[in-house]
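Each residue of the sequence shown is one higher than the last, beginning at 41 in the working numbering. We treat Cβ as the ideally placed atom computed from N, Cα and C, and that holds for glycine. Okay, so here's the structure we're looking at.
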Amino acid sequence: MRVLGVDPGLTAMGWGVIEVDGARLRHVANGVCRPGAGEMAERLLRLYRGLGEVLGDYRPDAAAIEATFVNKDSAGSLKLGQARGVALLALAEAGLAVGEYAPNAVKKTVVGVGHAGKAQVLHMVKMQLPGAVVGGADAADALAIAICHAHHAQTAARVAVAVRG
41 MRVLGVDPGL TAMGWGVIEV DGARLRHVAN GVCRPGAGEM AERLLRLYRG LGEVLGDYRP
101 DAAAIEATFV NKDSAGSLKL GQARGVALLA LAEAGLAVGE YAPNAVKKTV VGVGHAGKAQ
161 VLHMVKMQLP GAVVGGADAA DALAIAICHA HHAQTAARVA VAVRG
């Protein structure tokens, strides 16, 4: 199974693609979509098109995205929500089932601590995907989201087998 993780952002949308084969994970690619300056609508369109290119190039079987969290800056949360909406639209248009994970759930799955820092996430992503050259913190977060989805999907599959059992 090929999983695309997306770390939504208005100035930088991280993405990461991994291959999942049983308990084995393999890095495929990662990067960041940067829309540049301009009007909000134009920036959102560039994010949408950038993610569309990633979807076309890597053809994932599943996708995962960081769930929305509301911080003290309501305007910032709203803008993040718009970028996240664009990403969800691109993933839905590609026909992908999308897992949504809270930031703390991703960190707990990948690092073992729900309030891990970006450096810890990057370190553990590199440990779990040996040889991966990660294109920055946003790409590392996206890979962590993909890893989180892979682990949760495997657990769900085992539970389904046990229930049918």
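Practice prompt. Return the residue from the list L84, R74, N70 that minimises the CA-CA distance to L129.
Written response: Checked all of L84, R74, N70; the closest Cα to L129 is L84.
Worksheet entry | Closest by C-alpha distance to V94, when choosing among E106, A123, F109, L131 | For V94, the nearest C-alpha among the options comes from L131.
Discussion item. Just to confirm before moving on: does the CB-CB distance between Q184 and G45 stay below 8 Å?
Written reply: Rather than Gln, the amino acid found at residue 184 in this sequence is Ala. Yes.
Worksheet entry | Start and end residues, beta strand (DSSP E) containing G45 | Segment 42-47, the beta strand (DSSP E) holding G45.
Discussion item. Run through the DSSP bridge pairs and tell me what Y141 is partnered with.
Written reply: E106
Worksheet item: Using DSSP with H/G/I as helix, E/B as strand and the rest coil, what is H189?
Response: helix
Practice prompt. May I ask you to verify whether the segment 162-173 touches the segment 118-128, counting CB pairs closer than 8 Å and requiring at least 3?
Written response: no
Item to complete: Can you have a look at K112 and say buried or exposed, based on whether 16 or more other CB atoms are within 10 angstroms of its CB?
Response: exposed
Discussion item. Nearest by alpha-carbon distance to D181: which of W55, V43, M41 is it?
Written reply: Of W55, V43, M41, the smallest CA-CA separation from D181 is found for W55.
Worksheet item: Where do the ends of the beta strand (DSSP E) carrying R99 lie?
Response: Here R99 belongs to no beta strand (DSSP E), and DSSP marks it neither H nor E.
Worksheet item: Under 8 Å between the Cβ atoms of A68 and I58?
Response: A small fix is needed here, since residue 68 is Val in this sequence, not Ala. Their beta carbons are under 8 Å apart, which means V68 touches I58 by this criterion.
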